[in-house]
Amino acid sequence: MERGWQWMMVAQRLDGKECAADLEVDLLARISACSVTPHLAVIIVGEDAASQVYVANKIKTCQRLGILSTHISLARDSSEDELRKIITELNHDDSIHGILVQSPLPAHMDEDGLTELISPAKDVDGFHPINLGRLVQGRTDGLLPCTPAGVMRILAFYGIEISGKKALVIGRSRIVGMPMAILLASRGADATVTIAHSRTQDLIGICNDADIIVAAVGSAGMVTADMVKKGAIVIDVGINRVDDESQDRGWRLAGDIDPNVAEVAAYLTPVPGGIGPMTIAMLMANTVTAAECQHS
Ligand code: NAD
Numbered sequence: 002m003e004r005g006w007q008w009m010m011v012a013q014r015l016d017g018k019e020c021a022a023d024l025e026v027d028l029l030a031r032i033s034a035c036s037v038t039p040h041l042a043v044i045i046v047g048e049d050a051a052s053q054v055y056v057a058n059k060i061k062t063c064q065r066l067g068i069l070s071t072h073i074s075l076a077r078d079s080s081e082d083e084l085r086k087i088i089t090e091l092n093h094d095d096s097i098h099g100i101l102v103q104s105p106l107p108a109h110m111d112e113d114g115l116t117e118l119i120s121p122a123k124d125v126d127g128f129h130p131i132n133l134g135r136l137v138q139g140r141t142d143g144l145l146p147c148t149p150a151g152v153m154r155i156l157a158f159y160g161i162e163i164s165g166k167k168a169l170v171i172g173r174s175r176i177v178g179m180p181m182a183i184l185l186a187s188r189g190a191d192a193t194v195t196i197a198h199s200r201t202q203d204l205i206g207i208c209n210d211a212d213i214i215v216a217a218v219g220s221a222g223m224v225t226a227d228m229v230k231k232g233a234i235v236i237d238v239g240i241n242r243v244d245d246e247s248q249d250r251g252w253r254l255a256g257d258i259d260p261n262v263a264e265v266a267a268y269l270t271p272v273p274g275g276i277g278p279m280t281i282a283m284l285m286a287n288t289v290t291a292a293e294c295q296h297s
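Heads up, the numbering used here is the position in the sequence shown plus 1, with the first residue counted as 1.
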């Protein structure tokens with residue numbers, strides 16, 4: 002029988018900041034070659050603390066890259082009609098190339114309906130049915146959802162071969178899980194994909210069979226070392242706040258992957274510093290792509 006110390010592996014850390022910095026070099030060149038300065042409009046409704054941080058990070062990254070940004074803040078009790086009016090105006094404003102409505106929206110707003118209102122050409126989140134439809138058709142050159150696209154980019158950056166491998170995506174959301182599964186299975190990526198969700202039976206068995214695991218659930222540490230095959234590639238999309246008395250603020254961020262998975266996996270993304278920075282970098286890439294397409 003194998004002894005723990007004989008096979009214990011320390012996973013290579015897939016550094017999202019490093020990969021994002023590499024992508025930013027490409028973006029700077031594209032921005033300076035573009036006939037217009039890309040311009041992103043970000044709309045936030047309400048005061049959700051996490052959303053405020055995400056929006057501030059997006060705007061800071063725009064500033065660093067020389068992308069123009071317009072930040073529109075609406076009160077939590079604003080009407081859906083007010084937001085619809087703003088989106089419609091931005092759709093018609095030729096100086097704006099990308100529109101992002103920060104999720105989550107207050108419960109009285111129809112998030113899907115508002116996503117559909119954004120012009121597909123300015124849909125830098127990649128959630129419009131036309132852009133998701135293109136993805137389903139296998140056209141991966143358009144505006145792709147940022148988080149799954151960021152996962153594909155980091156795998157490519159570290160030269161990780163996924164063709165023919167068994168990939169498991171845990172989570173089937175419109176913004177992460179579902180598009181992630183489609184991208185992994187797309188021609189050129191060529192993984193064989195399983196999607197697990199809240200009704201999945203025998204998640205442990207399915208995980209143990211996977212060469213690649215992408216966890217996008219929102220449940221801190223739910224994937225533990227015993228669920229992971231030795232040498233697997235493990236991507237942690239989850240962002241969870243967990244209580245931590247040792248931190249001044251009383252909490253820290255944790256992913257869906259238990260840190261002990263580093264002892265069995267070959268590759269692992271950290272939280273924070275993994276897919277979070279990649280998501281913002283891909284948003285910047287979509288904004289540049291949108292500006293290029295609107296001014297070609
Ligand atoms: P969501 O709540 O929309 O979807 C969660 C999914 O997990 C659902 O499809 C559900 O079926 C599945 N699920 C729930 N319990 C499960 C279980 N026990 N076993 C298997 N599947 C289960 O969430 P989301 O918007 O897709 O986000 C998922 C996580 O990713 C969250 O932590 C979110 O904060 C994070 N996230 C991170 C980034 C980033 O930039 N890193 C971007 C988007 C989302």
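C-beta: ideal position from N, C-alpha, C; glycine also. Note that this is a predicted model, so its numbers are computed, not measured.
Between the region 220-229 and the region 172-191 there are fewer than three inter-stretch CB-CB distances shorter than 8 Å, so the stretches are not counted as touching.
Distances from the alpha-carbon of S174 to those of G239, I207, K166 and Q138 put G239 closest. Between C147 and T280, the gap from beta carbon to beta carbon is short of 8 Å.
Taken in chain order, the whole beta strand (DSSP E) runs of length 3 or more contained in the region 202-278 are 213-216, 234-237, 241-244 and 252-255. Here V235 really is in contact with V262; their C-beta atoms are around 6 Å apart, less than 8 Å. For R253, the Cβ stays outside the 7 Å cut-off from all heavy atoms of ligand 1. Measuring C-alpha to C-alpha distances from F128 to each of D16, H109, S104 and I155 identifies S104 as the nearest.
Annotation for A192: no alpha helix (DSSP H) segment contains it, and DSSP assigns it neither H nor E. D82 is bridged by DSSP to nothing; it lacks a bridge partner.
For the pair S164 and S247, the Cα-to-Cα distance works out to about 42 Å. Under the DSSP definition of a beta bridge, D95 lacks any partner. Going by beta carbons, V46 and L75 fall inside the 8 Å limit. Assignment of L41 by DSSP, reduced to helix, strand and coil, places it in the strand class. Here A168 carries a strand assignment [DSSP, helix/strand/coil].
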